[in-house]
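Novice: Starting off with a structure, shown below.
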Amino acid sequence: MTQDGTNADPIEPGLPEDEQFADQLLDHKPGHRVTFGPLAFFTGFFVTIAAFSLTLMLISIIGGTFSWRQVWPTFGMAFVVLLYAAGIGLIIGAPIAFLLGLALRPVRRQWVHVLVFFVVITLVAWLIFSVMYGGAAWETLLLAALIGLCAAIGRASVWKLVTVYD
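First residue of the sequence shown? That's 213 in this note's numbering, and the numbers climb one at a time after it.
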């Protein structure tokens with residue numbers, strides 16, 4: 213590293229094109245105030261799907277007539293929801309979160325990251341639900357907001373795991 217924060221060896225000559233792209237994408241540039249690594253990304257992903265599963269479990273317990281016979285099946289349901297959320301999250305949520313993380317690297321204030329995660333993921337989920345379910349777009353807004361809230365919780369959970377440059 214030089215004093216201005218740039219890498220002394222920019223890109224290794226002779227690297228394949230895809231590796232050069234990866235070096236450019238993941239390397240710290242002077243304009244990148246916030247960078248994240250694999251630990252932060254996967255931690256945020258797992259916290260997001262866990263928050264979603266636990267929230268649905270609580271909604272199921274609170275929303276129904278409570279009896280102790282329903283508690284264990286509800287935990288089973290939470291595990292199934294966790295598996296589905298992980299699968300859908302890997303296909304749809306993780307790429308969006310990764311791209312948001314890359315786009316937000318110049319923004320130093322992490323609360324802005326959390327807010328953007330909430331807004332963007334909520335809008336994407338709402339658009340997907342609106343297309344899938346047709347005319348009930350407003351009714352799906354609550355579920356989309358729940359998904360956005362869980363994504364924001366996931367992003368907030370890695371607040372201390374990202375590297376912030378001044």
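Beta carbons: idealized from backbone N, C-alpha and C, even for Gly. Model, not experiment: these values are computed from the prediction.
Among Ile-274, Ile-261 and Ile-308, which has the Cα closest to the Cα of Tyr-296?
Specialist: For Tyr-296, the nearest C-alpha among the options comes from Ile-261.
Novice: Between Arg-320 and the rest of its own chain, which residues show a CB-CB distance below 7 Å, the 5 nearest in sequence each way excluded?
Specialist: Once the five neighbours on either side are set aside, the close Cβ partners of Arg-320 are Arg-245, Val-246 and Val-376.
Novice: Return the bridge partner residues of Val-246 from the DSSP annotation.
Specialist: Val-376, per the DSSP bridge assignment.
Novice: Flag this pair as touching only if the segment 366–375 and the segment 336–356 have three or more C-beta atom pairs under 8 Å; answer yes or no.
Specialist: No, because fewer than three Cβ pairs between the segment 366–375 and the segment 336–356 fall closer than 8 Å, the two stretches do not touch.
Novice: Taking only three categories from DSSP, how would you classify Gly-256?
Specialist: Here Gly-256 sits in helix by DSSP.
Novice: When burial is assigned at 16 or more other CB atoms within 10 Å of the CB, is Val-292 buried or exposed?
Specialist: Flag for Val-292 reads exposed.
Novice: For a test of the three-state rule: what should DSSP assign to Gly-346, helix, strand or coil?
Specialist: DSSP places Gly-346 in coil when its eight states are reduced to three.
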